[in-house]
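S.K.: What follows is a structure written as structure tokens; I'll ask about it next.
Residue numbers (our numbering), protein chains in the order written: chain A, 3 to 324; chain B, 3 to 289.
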């Protein structure tokens, strides 16, 4: 269990994290979600004892990270954003070094090193120099290092960034498997990743906690209004008139391909059928009809209250980019 | 600590670093030994050892520049600082590894007096005192170099600053004759030091009032003391600068005198270097 109480971190008067409080229970996978600069990495760095907070406290599995750092650090495995690897060591040497560094008793070291090598699929590269290995392998070595002391809690900072899609899936599966036996905290700015893997999501915005809930509830909280992109042939007036009957129009434009409209369904449920019907009845043909998952940015804008307050253009623009 | 010591030693030995350090050490000391002892027929080693100080300009920065600077730039310090080890253990482990690598060529130097023995030399103890002093001085420089490395992310900057430090501490004794010994210049010099101290306080605490207080107390102290007892200041510039004067402390040893004061001088440099490195790493977490 990790308790974070009124955590504040200031850099030269600028607060990267401000009065952040939450509790991480055992046995679940937590996701830190937020855009770059929201304070995810800073929070993780403080939780692991790499940085010290300006104010507030962090209690890791019963030990205060400032007053009992060694006890607290023993219960954590940390994979920072850049895996902390020494290029001039081989994988095996590196893992032996980290095993000793993390105070694994001498008799158990070899067994632990062998276990994580098998767990992370590093057998074939174990004798190679780390500097010659690909990003995917480096990430796995980083994970192996975090796992080596078999800590209660794993903290992973953007574990899938920079990997190819196949590796992303592999790492996600690994995390899911690890989540069965460990408490896992990971950070990401990809909503789909978090909602797929995590049991609980913490959304950070400008160093503050904007939301803390299950992914399902967070999605619900944004409203079930589905966003649909429509491209139809016909005059702009014809198309928008027809669409206004079934949904709320957020944006429209005309190009050579036809009329592009973005609409938001007023209620929950799939309204694509109704849209195509309405357009057909108005004599317009549908060229493209595409529904968009509610993205992080929408949830994010919604939760940080920027949704309706800004002038019309801003949320539209941001919503359209994802 | 042993984990870091072993890993560091391994890295230094397998990188070019250890090889460059050992090779240049053997080249320089070997040349000096050949020139002074074998070629010119001196029976004692102290000229060769004094001449070998040139070596510090290469070996010290090569060994120490990477120690913390690269750790920081490659973000591997995140592993060390989030592992259940104390910062002091990290620093000690690294420092001992540096000292070990430096000790290898020094141990090889210990063969030279034995060679001289066959030419009828009778100054074995003196020679070993010289080599010991050389080693101590290297250890002091390594600690300072490690501290400089912990202050920057660039190994190159660290190396340059370390070389400048070595240069200053080696050349200082020859500059003393050019330094004015009057009380007034000494007072001015101490005022400049007060300003530097105030700037350092500001740099470390970012507290304007505190740095002004430091400046006020030290500056006023200097001026008042000068007005009351000007004779107290005469020759003070030199005595303050002596803190940085490595070569004089070495020359005592080279003259065959083993003095604990000089041993303590180098050991305290090593201790201060280590302590400052620990402080520098700890402070970075709070900034």
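All C-beta atoms, glycine included, are put in the ideal place defined by N, C-alpha and C.
In the DSSP assignment, the beta strand (DSSP E) including residue 185(A) goes from what residue to what residue?
M.R.: 185-190
S.K.: Out of 231(A), 284(A), 101(A) and 167(A), which one is the CA nearest neighbour of residue 290(A)?
M.R.: 231(A)
S.K.: For residue 54(B) and residue 100(B), which I take to be in contact (beta-carbon distance under 8 Å), what is that distance rounded to the nearest angstrom?
M.R.: About 18 Å; that fails the 8 Å criterion.
S.K.: Anyone know if the C-beta pair for residue 93(B) and residue 280(B) falls short of 7 Å?
M.R.: It is a contact, given that the beta carbons lie within the stated cut-off.
S.K.: Report yes or no: do three or more beta-carbon pairs, one from the region 133-148 of chain A and one from the region 92-101 of chain A, lie closer than 8 Å?
M.R.: yes
S.K.: List the residues that DSSP assigns as beta-bridge partners of residue 253(A).
M.R.: 264(A)
S.K.: Can you pull the DSSP bridge partners for residue 251(B)?
M.R.: Answer is none; residue 251(B) lacks a bridge partner.
S.K.: Quick one: what's got a C-beta closer than 6 Å to residue 255(A)'s C-beta in the same chain, skipping five residues either side?
M.R.: 262
S.K.: Can you name the start and end residues of the alpha helix (DSSP H) that residue 126(A) belongs to?
M.R.: Neither: residue 126(A) is in no alpha helix (DSSP H) and is coded neither H nor E.
S.K.: Taking residue 282(A) as the reference, give the member of 265(A), 266(A) and 233(A) with the closest Cα.
M.R.: For residue 282(A), the nearest C-alpha among the options comes from 233(A).
S.K.: Could you have a look at residue 223(B) and say whether DSSP puts it in helix, strand or coil?
M.R.: helix
S.K.: Please say whether residue 177(B) and residue 247(B) have beta carbons closer to each other than 7 Å?
M.R.: no
S.K.: Which same chain residues end up closer than 8 Å to residue 119(A) when comparing Cβ atoms and leaving out the 5 residues on each side of it in sequence?
M.R.: 93, 94, 97, 125, 128 and 146
S.K.: I want to verify the contact list: residues of chain B whose CB lies under 8 Å from the CB of residue 104(A), in sequence order.
M.R.: 85 and 86
S.K.: Which value, in whole angstroms, describes the spacing of the CA atoms of residue 28(A) and residue 201(A)?
M.R.: 12 Å
S.K.: Answer yes or no: does any C-beta atom of chain E fall closer than 7 Å to that of residue 59(A)?
M.R.: The question asks about chain E, but that chain is absent: this structure's protein chains are A and B.
S.K.: Quick one: is residue 80(B) near chain A, going by C-beta distance under 7 Å?
M.R.: Chain A contact via Cβ: present.
S.K.: Name, please, each residue of chain B whose Cβ falls closer than 7 Å to the Cβ of residue 82(A).
M.R.: 77 and 80, listed in chain order.
S.K.: Roughly how many angstroms separate the alpha carbons of residue 210(B) and residue 199(B), rounded to a whole number?
M.R.: 13 Å
S.K.: At a Cβ threshold of 7 Å, is residue 144(A) touching chain B?
M.R.: no
S.K.: Does the region 84-93 of chain B touch the region 156-168 of chain B, meaning 3 or more C-beta pairs lie closer than 8 Å?
M.R.: The answer is no - the region 84-93 of chain B does not touch the region 156-168 of chain B, with fewer than three Cβ pairs under 8 Å.
S.K.: Decide if residue 122(A) is buried, meaning its Cβ has at least 16 other Cβ atoms within 10 Å, or exposed.
M.R.: Its Cβ being crowded by 16 or more others within 10 Å, residue 122(A) is buried.
S.K.: Note down, in chain order, every chain A residue with its Cβ under 9 Å from the Cβ of residue 13(B).
M.R.: 88, 90 and 91
S.K.: Under three-state DSSP, which class holds residue 105(A)?
M.R.: coil
S.K.: Spatial neighbours of residue 2(B) within its chain, please: CB distance less than 7 Å, with the 5 preceding and 5 following residues excluded, ordered by chain position.
M.R.: Residue 2(B) is absent from the model: chain B starts at 3 and stops at 289.
S.K.: Verify whether the separation of the beta carbon atoms of residue 206(A) and residue 40(A) is less than 7 Å.
M.R.: yes
S.K.: Alpha carbon to alpha carbon, how far is residue 277(A) from residue 244(A)? Give it in angstroms, no decimals.
M.R.: Rounded to the nearest whole angstrom, the CA to CA distance from residue 244(A) to residue 277(A) is 8 Å.
S.K.: Give a yes or no on whether 7 Å exceeds the smallest Cβ distance from residue 9(B) to chain A.
M.R.: Taking Cβ atoms only, chain A reaches closer than 7 Å to residue 9(B), which makes this a yes.
S.K.: From the DSSP secondary-structure annotation, give me the bridge partner or partners of residue 167(B).
M.R.: Its beta-bridge partners do not exist; DSSP assigns none.
S.K.: By DSSP's criteria, residue 33(A) is part of a beta bridge. Which residues make up the other side?
M.R.: 188(A) and 203(A)
S.K.: Among all the DSSP beta bridges, which residues are the ones paired with residue 233(A)?
M.R.: DSSP lists 262(A) and 290(A) as partners of residue 233(A).
S.K.: Strictly below 9 Å CB to CB, what residues from chain B border residue 141(A)?
M.R.: The contacting residues do not exist; residue 141(A) stays about 14 Å from chain B at best.
S.K.: Starting from residue 16(B), find everything on chain A with Cβ-Cβ shorter than 8 Å and list it in chain order.
M.R.: 90
S.K.: Nearest-angstrom Cα distance between residue 86(A) and residue 76(B)?
M.R.: Between residue 86(A) and residue 76(B), the C-alpha separation is close to 7 Å.
S.K.: Express the C-alpha separation of residue 282(B) and residue 290(B) in angstroms, rounding to a whole number.
M.R.: This structure leaves residue 290(B) out entirely; chain B is present only between 3 and 289.
S.K.: Going by beta-carbon coordinates alone, are residue 9(A) and residue 64(A) separated by less than 7 Å?
M.R.: no
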